[in-house]
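The structure under discussion appears below in the form of structure tokens.
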Amino acid sequence: MPLIRNPKDFAAGLLFMAFGLAALVIARSYPLGTASRMGPGYFPRILGILLLGLGSLLSLSGCRSGGEPMSRWHWRPLSIVLLSVLVWGLAAQWLGLVVASLALVFVSSVASDEFGWREALLSGAIQAASMVAVFIYGLGVPLPVWPVFLGGGR
Amino acid sequence: MDLFGNLALGLGVAVTPLNLFYAFVGTLLGTLIGVLPGIGPVPTIAMLLPITYYLPPVSALIMLAGIYYGASYGGSTNAILVNIPGEISSVVTVLDGHQMARQGRAGAALCVSALGSFFAGYVATVVIAAFAPPLVELALKFDAAEYFSLMVLGLLSAVVLAHGSVLKAILMIILGLLLGIVGTDVESGMARFSFEAPELTDGIGFVGLAMGLFAFAEIAVNLEQKSGRHVFTENVTGLWMTWAEFKQVFPAILRGTALGTMLGILSGGGATLSAFASYTVEKKLAKDPSRFGKGAIEGVAGPESANNAGAQTSFIPLLRLGIPSNAVMALMVGALMIHNIQPGPQVMNKPPDLFWGLIVSMWIGNLMLVVLNLPLIGIWVKLLRVPYRLLYPAIVLICTVGSYTANNNVFEVWVAIAFGILGYIFAKLGCEPAPLLLGFILGPMLEENLRRALVLSRGDFTVFFRRPISLTMLLMAAALLILIVVPAIRKKREEVFVEES
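In structure tokens form, the structure reads like this:
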């Protein structure tokens, strides 16, 4: 019989323990105070200890009782989608909402199996235009419409 | 003045053409923006707050209230069709509402959500009008210890929701609490877990966290499955329920309304807590609880009624005591302040037209919501009937821009990316994100009330057991925990038994 019979629970337990440990290490420097006058470190330490304790319990149970195996990890769609968000975040305040939105739609579309660059560009253009209408003209969000070095435009 | 006199006064204020117009505009704007994923009522109200400066106080409040209902309703539409909770109180609606949509019953889910909300709103408004004074006195009996115990009870009832491991759900709540207290400690002014980032001293943004955990991670998981579709609109033809469904949901709507009305007055997270509590009640009362999480119509009806009732009755502490019970109410306080009105007990007496005008306009706003939305849902559905390869980039874009506009800061976008990664890991490890979100919202409140209770008791932890209301709630929490844990143990044993035999 393998040692880890429920890999999902085992790994999740480790993850929670890591969070608990990180909280305890970071909160080390926060004053603890007393129960009647709790300092900023009191509550975080309670939570850190709970995460560490219950997390190890979860990992242990992952060794004892069986469960389904972990499904395959697909990092490609996630990375592409988050990359497109990153591009938007880097570009928005400099290249303006239109370019940033077009780039986001185009890059994130690549994650789909049915990607077509013509369609992605067209849908990106339509969406960029509606973003400008709703967020800039409708809600007055302070972002440039066009690249700042071309005047930004509002 | 008697109740009817008050209501007549309110009617006189709310039914003027101008105020009807603002109620209409508010409801329409709220729904429009609420249907867009990633923009909940809080940013919507925040963005439209400056506009109300140009309106008379009553009209401003009426319009803001309309935006609030509209956005809540739009959030439910989202939850059902796109599997993204537009706001935290529709997290529960996602569970069964989206499953119903997957089974082609989106029409019934949307309909029951609209009618449940309308009914709850109507009843809650009458309750506010009739019982506001005595109910506030009940809430006044609550001290820090009671609030702490109430929140513990609320959090534990959220555990019942997670249809996975109980232990995992509890751990997600605790992690949520930890994430919730990131930022400046109210009492000492110390920045906690902020990693020297000035943006983090205000805490992790709710919008970025929710976008990452729910939208980005969900999209990534959906893209793995080639046939995986996100929006379910194929069979949204009839927006009506069958008579059998109606008979099934009516008691759930009644119970949800009652629960929401009570919890909205008592607790900070009125709408959210009551939605979670109602789901728990419906699941426990159902003859076949295993249907829940797989498209049970009561699982939509109860929480949708409860969150609307809770949302409305949470106006009582605001208007009577000046205490905002949630972020939306805090914005309402801001709107009142703009007009030089100090919220508090005097609001009800000094300009009685303000209080009663708002009360009556709540009812009108709810009516408009149903009248506007049952026909308009067709339009939303048409908008959503777009292939997934075109739709998901649009969702990513709206969520990204929505995260940015929460604070007009790119930092919120980075937060969304971080929680997108974390959300994907959680999805792969079988950890439900909903309990984390609830813990995140209640984290600061829980710490504050724990602190206050212990200051008052001079560090004596038994204070939570010595106060009768607090003890009752803790006992209920313990009973709940035993109820959940025992069958889980039994099931585990059965699994082991099956494996060994």
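Chains as they are written, first to last, in the numbering used here: chain A, 1 to 154; chain B, 1001 to 1501.
Heads up, the beta-carbon is just placed ideally off N, CA and C, and yes, glycines get one too.
Computed from a prediction, not measured in an experiment: that's the story for all the values here.
Handout entry: Members of the segment 1181-1205 of chain B that neighbour chain A once the beta carbon cut-off is set at 8 angstroms
Key = ILE1181, ASP1185, GLU1187, SER1188, MET1190, ARG1192 and PHE1193
Handout entry: Separation of GLY1074/B from LEU1374/B, as counted between CA atoms
Key = 12 angstroms
Problem - Neighbourhood of LEU1175/B by C-beta distance below 8 angstroms, restricted to the same chain and skipping five residues each side - result: LEU1436 and GLY1439
Practice task
Identify which residue in ALA1101/B, LYS1428/B and MET1262/B has its Cα closest to the Cα of SER1076/B.
Solution key: ALA1101/B
Problem - Local conformation of GLY1205/B per DSSP, three classes - result: coil
Handout entry: Closest by C-alpha distance to GLU1196/B, when choosing among GLY1299/B, LEU1254/B, ASP1460/B and GLY1183/B
Key = GLY1183/B
Exercise for the section: Can you have a look at VAL1396/B and say buried or exposed, based on whether 16 or more other CB atoms are within 10 angstroms of its CB? Expected result: buried
Handout entry: Cβ-based burial, MET1001/B [other Cβ within 10 Å; buried from 16]
Key = Residue placement at MET1001/B is poorly supported in this model, since its pLDDT is 49, which falls under 50; the coordinates still yield a value, given next. Classification of MET1001/B: exposed, given that the 10 Å Cβ count is below 16.
Handout entry: THR1242/B (DSSP reduced to helix, strand or coil)
Key = coil
Practice task
Below 7 angstroms CB to CB, which residues in the same chain sit around LEU18/A once its five sequence neighbours on both sides are set aside?
Solution key: Here residue 18/A is Ala; the residue named in the question, Leu, does not match the sequence. Excluding residues within five positions, none has a Cβ falling inside 7 angstroms.
Practice task
Starting from the C-beta of TYR30/A, find all residues in its chain whose C-beta is less than 6 angstroms away, skip the five residues before and the five after it, and write them out in chain order.
Solution key: PRO40 and GLY41
Practice task
Under the assumption that SER36/A contacts ARG1452/B (Cβ atoms under 8 angstroms), give the Cβ distance between them as a whole number of angstroms.
Solution key: The Cβ separation is near 11 angstroms, so there is no contact.
Exercise for the section: Report the residue ranges of all alpha helix (DSSP H) runs contained in full by the segment 23-96 of chain A; include only those spanning at least 4 residues, in chain order. Expected result: 42-64
Handout entry: From ASN1366/B, PHE1426/B, MET1190/B and TRP1414/B, residue whose alpha carbon lies closest to that of GLY13/A
Key = PHE1426/B
Practice task
Return the chain-ordered ranges of every alpha helix (DSSP H) run that is complete within the segment 1059-1128 of chain B and spans a minimum of 4 residues.
Solution key: 1099-1102
Exercise for the section: Under 9 angstroms between beta-carbons, which chain B residues line up against ILE26/A? List them in chain order, please. Expected result: ARG1192, PHE1193 and PHE1195
Problem - Cross-chain neighbours of ASN1408/B in chain A, by beta carbon under 9 angstroms - result: VAL141, PRO142 and LEU143
Practice task
Using a Cβ cut-off of 9 angstroms (strictly closer), state whether VAL85/A contacts chain B.
Solution key: yes
Exercise for the section: Confirm, please, whether the CB-CB distance from ALA1065/B to MET1362/B is below 9 angstroms. Expected result: yes
Exercise for the section: For the alpha helix (DSSP H) holding SER112/A, just list the boundary residues, first then last. Expected result: Looking at the DSSP string, SER112/A is not in any alpha helix (DSSP H), and its letter there is neither H nor E.
Practice task
Count the other CB atoms, across all protein chains shown, that sit within 10 Å of the CB of PRO77/A; report buried if there are 16 or more and exposed otherwise.
Solution key: buried
Handout entry: Beta-carbon contacts of ALA1220/B that lie in its chain and below 6 angstroms, excluding the five residues immediately before and after
Key = TYR1424
Handout entry: Beta-carbon contacts of ILE1359/B that lie in its chain and below 7 angstroms, excluding the five residues immediately before and after
Key = GLY1010, THR1125, ILE1128 and ALA1129
Practice task
Can you pull the chain B residues whose beta carbon is under 8 angstroms from the beta carbon of PRO44/A, in chain order?
Solution key: LEU1178, ILE1181, ARG1192 and PHE1193
Practice task
Could you list which residues in chain B have their beta carbon closer than 7 angstroms to that of PHE135/A, in chain order?
Solution key: VAL1401 and THR1405
Handout entry: Beta bridge counterpart(s) of THR1184/B as assigned by DSSP
Key = ALA1191/B
Exercise for the section: Please go through the same chain and pick out, in chain order, the residues whose beta-carbon is closer than 6 angstroms to the beta-carbon of ARG5/A, but skip the five residues on each side of it. Expected result: GLY66
Problem - As assigned by DSSP and simplified to three states, the class of TRP146/A - result: coil
Practice task
Compare the C-alpha of LEU1081/B against each of SER1072/B, VAL1455/B, PRO1198/B and VAL1094/B and name the closest.
Solution key: VAL1094/B
Problem - Short CB-CB distance (under 9 angstroms) between CYS1431/B and chain D - result: Of the protein chains in this structure, namely A and B, none is chain D.
Practice task
Assign GLU1196/B to one of three DSSP states: helix, strand, or coil.
Solution key: coil
Practice task
Please report how far the alpha carbon of TYR1388/B lies from the alpha carbon of GLU119/A, in whole angstroms.
Solution key: 13 angstroms
Handout entry: Residue nearest to LEU58/A in terms of C-alpha spacing, selected from ALA129/A, SER130/A, PHE10/A and VAL134/A
Key = PHE10/A
Problem - Coarse secondary structure for GLY1026/B, derived from DSSP in three states - result: helix
Handout entry: Under the three-state DSSP convention, the category CYS1431/B falls into
Key = coil
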